[in-house]
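I have placed the structure first, in the form of structure tokens, so that the comments after it can refer back to it.
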Amino acid sequence: MKHLTKTTKPQILVENEDSWTALYLEARNNGTEKQNERWRHHEIRSALQSETGGKCAYCEVEIGDVAYPHVEHIIPKSVHPELAHIWLNLTSACPRCNTNKSDYHHETLALLNPYADDPGTFIDIIGGLIRPKLGEPRGEITVKQLQLNRIDLTLSRSDRLEKVHEMLQRWNDADEPLRAILAAGIRKDADEGQFTATVTTYLRYYNFPLDEPSD
Numbered sequence: 001m002k003h004l005t006k007t008t009k010p011q012i013l014v015e016n017e018d019s020w021t022a023l024y025l026e027a028r029n030n031g032t033e034k035q036n037e038r039w040r041h042h043e044i045r046s047a048l049q050s051e052t053g054g055k056c057a058y059c060e061v062e063i064g065d066v067a068y069p070h071v072e073h074i075i076p077k078s079v080h081p082e083l084a085h086i087w088l089n090l091t092s093a094c095p096r097c098n099t100n101k102s103d104y105h106h107e108t109l110a111l112l113n114p115y116a117d118d119p120g121t122f123i124d125i126i127g128g129l130i131r132p133k134l135g136e137p138r139g140e141i142t143v144k145q146l147q148l149n150r151i152d153l154t155l156s157r158s159d160r161l162e163k164v165h166e167m168l169q170r171w172n173d174a175d176e177p178l179r180a181i182l183a184a185g186i187r188k189d190a191d192e193g194q195f196t197a198t199v200t201t202y203l204r205y206y207n208f209p210l211d212e213p214s215d
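Anchor point for the sequence shown: position 116 equals 116 in the UniProt record's numbering, and the numbering is continuous, going up by one each time.
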């Protein structure tokens with residue numbers, strides 16, 4: 001999990017957020033809320049996919065090739081239905097994380113919010129594993145509730161790091177100007193590929209220069 005930045009609200013929500021919220025709340029009172037769920041609108045989905053780089057906001061797996069991304073309510077709509085169509089409460093998640101998260105909600109021990117929280121304050125990344133920091137119950141709850149160390153994820157993260165290490169070896173052995181070109185490719189891969197937080201932690205361990213050199 002890495003920190004995410006909320007992007008500009010899509011125009012469809014600029015125009016309809018308030019009215020959709022009112023209709024949804026009214027529909028919940030008469031049992032017709034299913035017909036008034038507008039958060040799956042294609043403009044919202046597209047904006048969320050762009051915002052998360054096509055990855056799950058929680059586990060950072062690339063979603064599109066293997067599953068259909070879910071529009072995720074950070075605070076469950078079952079708890080706060082008035083937030084069901086609010087842009088700041090929406091993100092994109094893989095089906096597994098969305099299912100695991102379910103309707104979990106706790107006022108003081110909330111799951112980590114990748115937009116509002118810095119995940120690195122609560123969790124450590126050790127190779128392909130995600131570990132809660134000692135004395136950080138929110139980190140522990142997040143790792144356990146979302147099952148961030150489920151077998152398929154840990155194997156995928158380990159495979160990813162094997163490929164990253166091969167790129168690091170080639171970069172380390174190269175001379176300029178190839179070395180600079182390889183470094184730029186590694187930075188791009190870390191940012192755009194799966195498991196950005198895991199990869200950048202690994203690169204830092206090997207003292208790879210994550211920041212672009214200044215001219």
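Cβ atoms here follow ideal geometry from the backbone N, Cα and C, with glycine treated the same way. Since the model is a prediction, treat every value here as computed from it, not as a measurement.
{"Query": "If I measure Cβ to Cβ from N113 and keep anything under 8 Å in the same chain, skipping five residues before and after, which residues do I get?", "Result": "I74"}
{"Query": "D173 by DSSP, collapsed to three states: which one?", "Result": "helix"}
{"Query": "How far does the alpha helix (DSSP H) with E26 in it reach, from first residue to last?", "Result": "11-30"}
{"Query": "I need the straight-line Cα distance from L134 to N149, nearest angstrom please.", "Result": "17 Å"}
{"Query": "Quick one: grab the DSSP three-state call for residue 216.", "Result": "Since the first and last residues shown for the chain are 1 and 215, residue 216 lies out of range."}
{"Query": "Where do the N-terminal and C-terminal ends of the beta strand (DSSP E) with A93 fall, by residue?", "Result": "90-93"}
{"Query": "Between the C-alpha atoms of G127 and L13, what's the straight-line distance to the nearest angstrom?", "Result": "40 Å"}
{"Query": "Quick one: grab the DSSP three-state call for K55.", "Result": "strand"}
{"Query": "On the DSSP letters alone, give me the boundaries of the alpha helix (DSSP H) that V71 sits inside.", "Result": "It is not in any alpha helix (DSSP H) - V71 instead sits in the beta strand (DSSP E) that spans 70-73."}
{"Query": "Which residue's Cα is closest to the Cα of N89: V61, W39, R157?", "Result": "W39"}
{"Query": "Tell me which residue opens and which closes the alpha helix (DSSP H) that K144 is part of.", "Result": "137-146"}
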